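Heads up, the thing below is written out as structure tokens.
Numbering (the numbering used here), first residue to last: 1431 to 2050.
Structure below.
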């Protein structure tokens, strides 16, 4: 829209009383939109305006902009950065408005204040150096596009590439790992019920930071630098790069997200588990869902974050979607975490990754407002190169309360789940994807499944199902062992039979099939063990693959399989006849040792003795 019609609309909107119903104090949505678009439209139709029309436009715009500046004088951004509209609307809108009106209106002080905030360690405020975003991927798409545009404008106006110092350069990886382009849902936070969006934002980041993975994401979504972004951003030839060469697991400690994948670039093969335990609590568009998780398998969301975001603060949104009961976390005596509470925090305590598998720990005790003194959720995520079949995930919850309580373990799905209560087994199905969930501990759980929300959505929406597995007898401590086995609908024969396994210093799971045994062990409380967790895959009595997490040594059968001279995750998996894939996340220079003779099917038949090979960790 341009020319006389653009002028007509501008004059009409700027004829509204700037201190009336569209003022910032009354309703900041229309107020910020007038500041966002009014000055740039004024700049574009400037030659068509008379002197009187220019004066009237500037008078109105300055009233609105000074109202926004007055808010920062009362509540400085640098002291109150964690307000969603403050950082996503006010600052970038004011920046663009000041640039558009420079030379026409007294905006120097306002512009100086806004630009100083871009160098603040609090901008953008809802993440950190890892590139995470605490509000979730849906709000990431909008907010990050604003940041990218803002940084571009500053560089063009000042020749200072402020974007190079910002953790926004890491933000493409949060979107890539936490919400791949083929995801049909977008946990965690408002908008989580919708599919992955933001291809255009990734295109902007690809251009701004020359990031080939962001370009791959945008190309996958068939989105690019359209509309105004196509004029703003330089887009030299950049070849898209699918994330085959990246680690398949990644942690965003800044927002408490662990993302674990088997085949990130391939939706038909990928199995993904996301764990959230956020240090930002349940503020803004985030929920009271610390230590929750979701599972996506072979292109389908199986274990989901439930509830809808159709209208902010609607009874369904307030009484279901935001609540812990809508997540896959844990309730205490049927109660969850406080909503909209900065102090209802979690944290990602540990994350370790190798080619064979990942290990993470979420700590959510603070989130329960005194109901718990401990809630560690420990997850081992094993990839097919280790298991020799489908991925296997084992979850161990360690809970403690100041007084005896019952504990409710939650699951949500799009379809009705098949529950075998006597076996404490649940099967989840969506499309051709399946997941069997075995609750090995605690025993004596009661199961309840329903498809009711506390309050219905604002508009009709697809049904969802909700499962609660509850302890019966109150206790001060409890622990769980939950095994997840995702598979395709024709692959039920590949499922392994799990049972609890205990060894000195460890507790975990033994999974058996006719052709293999998989051990998954967690360090027990108070044990002087060599690793927080470990796993073996044994085929024909021989160790085919071994992995240790957050440790220095893994021994089996009287011999040391894996060893590191520093705390790390280390794995060695045999594939083919004599090939081994050795992987570690230790820092550069870490010395690794693998007793490959034990991990070789050919050694014993050749009469050779096990040999220990050593490596030194390089970059990556």
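We put the beta carbon where it would ideally sit given N, CA and C, even for glycine.
Nothing here was measured: the structure is a model prediction, and the numbers come from that model.
Under 8 Å between C-beta atoms of residue i and residue j
{"i": "residue 1794", "j": "residue 1707", "result": "yes"}
{"i": "residue 2046", "j": "residue 2021", "result": "yes"}
{"i": "residue 1895", "j": "residue 1878", "result": "no"}
{"i": "residue 1913", "j": "residue 1824", "result": "yes"}
{"i": "residue 1830", "j": "residue 1803", "result": "yes"}
{"i": "residue 1751", "j": "residue 1766", "result": "no"}
{"i": "residue 1784", "j": "residue 2013", "result": "yes"}
{"i": "residue 1863", "j": "residue 1650", "result": "no"}
{"i": "residue 1739", "j": "residue 1623", "result": "yes"}
{"i": "residue 1808", "j": "residue 1782", "result": "no"}
{"i": "residue 1931", "j": "residue 1789", "result": "no"}
{"i": "residue 1670", "j": "residue 1680", "result": "no"}
{"i": "residue 1569", "j": "residue 1621", "result": "yes"}
{"i": "residue 1490", "j": "residue 1440", "result": "no"}
{"i": "residue 1558", "j": "residue 1597", "result": "yes"}
{"i": "residue 1940", "j": "residue 1953", "result": "no"}
{"i": "residue 1994", "j": "residue 1982", "result": "yes"}
Residue i - DSSP class collapsed to helix/strand/coil
{"i": "residue 1902", "result": "coil"}
{"i": "residue 1690", "result": "strand"}
{"i": "residue 1866", "result": "strand"}
{"i": "residue 1796", "result": "helix"}
{"i": "residue 1879", "result": "strand"}
{"i": "residue 1432", "result": "coil"}
{"i": "residue 1622", "result": "coil"}
{"i": "residue 1489", "result": "helix"}
{"i": "residue 1895", "result": "strand"}
{"i": "residue 1854", "result": "coil"}
{"i": "residue 1825", "result": "strand"}
{"i": "residue 1556", "result": "coil"}
{"i": "residue 1735", "result": "coil"}
{"i": "residue 1710", "result": "coil"}
{"i": "residue 1537", "result": "coil"}
{"i": "residue 1508", "result": "helix"}
{"i": "residue 2043", "result": "strand"}
{"i": "residue 1920", "result": "coil"}
{"i": "residue 1889", "result": "coil"}
{"i": "residue 2018", "result": "coil"}
{"i": "residue 1469", "result": "helix"}
{"i": "residue 1998", "result": "strand"}
{"i": "residue 1627", "result": "coil"}
{"i": "residue 1704", "result": "strand"}
{"i": "residue 1438", "result": "helix"}
{"i": "residue 1962", "result": "strand"}
{"i": "residue 1723", "result": "strand"}
Local Cβ density within 10 Å of residue i, reported as buried at 16 or more and exposed below that
{"i": "residue 1658", "result": "exposed"}
{"i": "residue 1772", "result": "exposed"}
{"i": "residue 1413", "result": "This structure gives no information on residue 1413, because the portion of the chain shown stretches from 1431 to 2050."}
{"i": "residue 1719", "result": "buried"}
{"i": "residue 1843", "result": "buried"}
{"i": "residue 1506", "result": "exposed"}
{"i": "residue 1987", "result": "exposed"}
{"i": "residue 2039", "result": "A caution first: residue 2039 carries a pLDDT of 46, below 50, which makes its placement in the model unreliable, though a value can still be read off. It counts as exposed."}
{"i": "residue 1435", "result": "exposed"}
{"i": "residue 2065", "result": "No statement about residue 2065 is possible, as the shown extent of the chain runs from 1431 to 2050 and does not include it."}
{"i": "residue 1730", "result": "buried"}
{"i": "residue 1850", "result": "exposed"}
{"i": "residue 1906", "result": "exposed"}
{"i": "residue 1630", "result": "buried"}
{"i": "residue 1546", "result": "exposed"}
{"i": "residue 1778", "result": "buried"}
{"i": "residue 1456", "result": "exposed"}
{"i": "residue 1700", "result": "buried"}
{"i": "residue 1549", "result": "exposed"}
DSSP beta-bridge partners of residue i
{"i": "residue 1983", "result": "1993"}
{"i": "residue 1517", "result": "Paired residue(s): none; residue 1517 is not in a bridge."}
{"i": "residue 1953", "result": "1936"}
{"i": "residue 1860", "result": "1863"}
{"i": "residue 1787", "result": "1812"}
{"i": "residue 1941", "result": "1928 and 1948"}
{"i": "residue 1838", "result": "1761 and 1900"}
{"i": "residue 2009", "result": "2005"}
{"i": "residue 1805", "result": "1829"}
Any non-hydrogen atom of the ligand COA closer than 7 Å to residue i Cβ
{"i": "residue 1700", "result": "This structure lacks the ligand COA, and indeed carries no ligand of any kind."}
4 or more residues per run - each alpha helix (DSSP H) lying fully within the region 1563-1600
Within the region 1563-1600, the complete alpha helix (DSSP H) runs of at least 4 residues fall at 1567-1588.
Sequence ranges, beta strand (DSSP E) only - wholly within the region 1631-1702, length at least 3:
Positions of the beta strand (DSSP E) runs, each at least 3 residues long and wholly inside the region 1631-1702, are given as 1679-1682 and 1687-1691 in order along the chain.
Could you pull out every unbroken alpha helix (DSSP H) segment of at least 4 residues lying fully inside the region 1741-1780, listed in chain order?
DSSP runs (the alpha helix (DSSP H)) wholly in the region 1741-1780: none.
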